[in-house]
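Residue numbers (UniProt numbering): 1 to 294. Cβ coordinates follow ideal geometry from the N, Cα and C atoms, glycine included. Okay, so here's the structure we're looking at.
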């Protein structure tokens with residue numbers, strides 16, 4: 001067990017980069033299972049990346065973890081590859097977000113911090129009054145956020161744990177009512193869920209797209225139609241184990257052993273070409289350019 005903040009990195013512009021722990025050179029490492037807290041994400045991911053540069057097998061690469069934690073970019077990636085996501089809006093001003101409630105189907109809505117810790121990053125606001133109070137509080141602290149549709153009466157909130165490209169467990173999350181808002185993780189009641197083929201296929205594709213060996217894929221299931229609203233790279237296991245009665249840690253260890261033995265990582269699987277990498281379409285006629293006025 002290594003505290004990332006106690007790891008030092010020595011770079012010299014050559015091939016002799018060194019990792020130290022409390023100023024002592026680290027002994028050779030077989031594999032790394034990152035569990036990096038959001039609050040130390042920048043430094044922690046630099047440490048993970050340094051292990052990767054040293055060709056140490058990683059269960060979740062730094063780039064994939066960073067991708068999953070940038071909520072809006074992750075949604076953009078999924079949408080570009082045909083993954084259905086809930087209606088989502090993003091704005092910097094609380095008034096603008098409140099005006100766009102109709103674009104996500106009205107209240108209740110999910111309010112999600114773009115850089116929040118997993119335990120505190122998602123709230124459900126059930127009325128315009130609670131939404132307004134939450135927006136003013138969150139944006140007043142300088143946080144960016146997105147707002148998404150949340151269907152309570154006909155939808156289910158499903159979390160699927162994916163390890164090594166395979167969905168191994170699922171739970172149904174039932175948030176408890178709150179006076180203002182409630183977080184889906186801290187206040188939710190978890191129940192074991194038999195995953196449908198749609199849940200499995202969607203969660204496995206999402207984990208591959210983001211490049212995560214271990215991921216919790218959060219799905220809004222509306223009458224059997226899955227919509228992915230979040231991907232987490234360091235999911236809490238104890239609550240899922242308690243709800244499912246399954247040992248969920250051992251499959252992660254087994255996947256780490258497989259990577260050491262030379263198993264192909266999930267991100268090497270053949271994927272569709274992202275829209276951003278496609279050649280630009282052939283244009284006919286003049287090109288219109290929007291130029292902002294000074």
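Comparing alpha-carbon positions, which option in the options lies nearest residue i?
i, options, result
"residue 265", "165, 54, 233 and 77", "165"
"residue 37", "29, 46, 145 and 31", "46"
"residue 74", "4, 18 and 209", "209"
"residue 22", "162, 4 and 52", "4"
"residue 109", "125, 103 and 214", "125"
"residue 196", "158, 112 and 232", "158"
"residue 162", "230, 213, 71 and 84", "213"
"residue 39", "31, 61 and 66", "66"
"residue 190", "221, 72, 242 and 230", "242"
"residue 192", "14, 215 and 156", "156"
"residue 299", "246, 11, 173 and 28", "The requested residue 299 is not part of the displayed model; the chain covers only 1 to 294."
"residue 240", "41, 217, 34 and 57", "217"
"residue 9", "34, 78, 262 and 44", "44"
"residue 231", "215, 1 and 224", "215"
"residue 111", "246, 33, 72 and 77", "72"
"residue 78", "219, 30 and 138", "219"
"residue 42", "70, 24 and 30", "70"
"residue 35", "24, 14 and 1", "1"
"residue 30", "103, 76 and 55", "55"
Does the Cβ-Cβ distance between residue i and residue j come in under 9 Å?
i, j, result
"residue 87", "residue 135", "no"
"residue 146", "residue 90", "yes"
"residue 160", "residue 203", "yes"
"residue 233", "residue 127", "no"
"residue 92", "residue 144", "yes"
"residue 113", "residue 101", "no"
"residue 53", "residue 80", "no"
"residue 260", "residue 57", "yes"
"residue 211", "residue 267", "yes"
For the putative contact between residue i and residue j, defined by C-beta atoms under 8 Å, what is the C-beta separation to the nearest angstrom?
i, j, result
"residue 237", "residue 256", "Incorrect: roughly 14 Å between the Cβ atoms, too far for contact."
"residue 252", "residue 59", "7 Å"
"residue 244", "residue 169", "5 Å"
"residue 49", "residue 62", "4 Å"
"residue 235", "residue 198", "The Cβ separation is near 20 Å, so there is no contact."
With a threshold of 7 Å on Cβ separation, who are the neighbours of residue i within its own chain once the five nearest residues in sequence on each side are excluded?
i, result
"residue 26", "19 and 20"
"residue 302", "With the chain covering 1 to 294 only, the question about residue 302 has no answer from this structure."
"residue 11", "17"
"residue 33", "59, 252 and 256"
"residue 103", "87 and 89"
"residue 246", "169"
"residue 85", "75, 78, 79, 227, 228 and 229"
Quick one: is the Cβ of residue i within less than 8 Å of any heavy atom of the ligand ATP?
i, result
"residue 164", "Among the ligands in the structure shown, none appear at all, so the ligand ATP cannot be discussed."
Quick one: residues in its chain with C-beta nearer than 8 Å to the C-beta of residue i, no 5 flanking neighbours on either side, listed in chain order?
i, result
"residue 83", "202, 205, 206, 209 and 228"
"residue 98", "128, 131, 132 and 135"
"residue 258", "164"
"residue 151", "105, 220 and 222"
"residue 194", "170"
"residue 13", "none"
"residue 274", "Residue placement at residue 274 is flagged as unreliable, the pLDDT there being 41, under the threshold of 50; a coordinate-derived value is accordingly withheld."
For residue i, which residues from the same chain have a beta carbon less than 6 Å from its beta carbon, with the 5 sequence-adjacent residues on both sides left out?
i, result
"residue 139", "94"
"residue 287", "Because the pLDDT of residue 287 is 49, which lies under 50, any placement of that residue in the model is unreliable, and the question is left without a value."
"residue 51", "32"
Which residue spans inside the segment 63–104 form an unbroken beta strand (DSSP E) run of at least 3? 88–91
Ignoring anything shorter than 4 residues, give me the alpha helix (DSSP H) runs that lie fully in the segment 167–238, in order along the chain. 197–210
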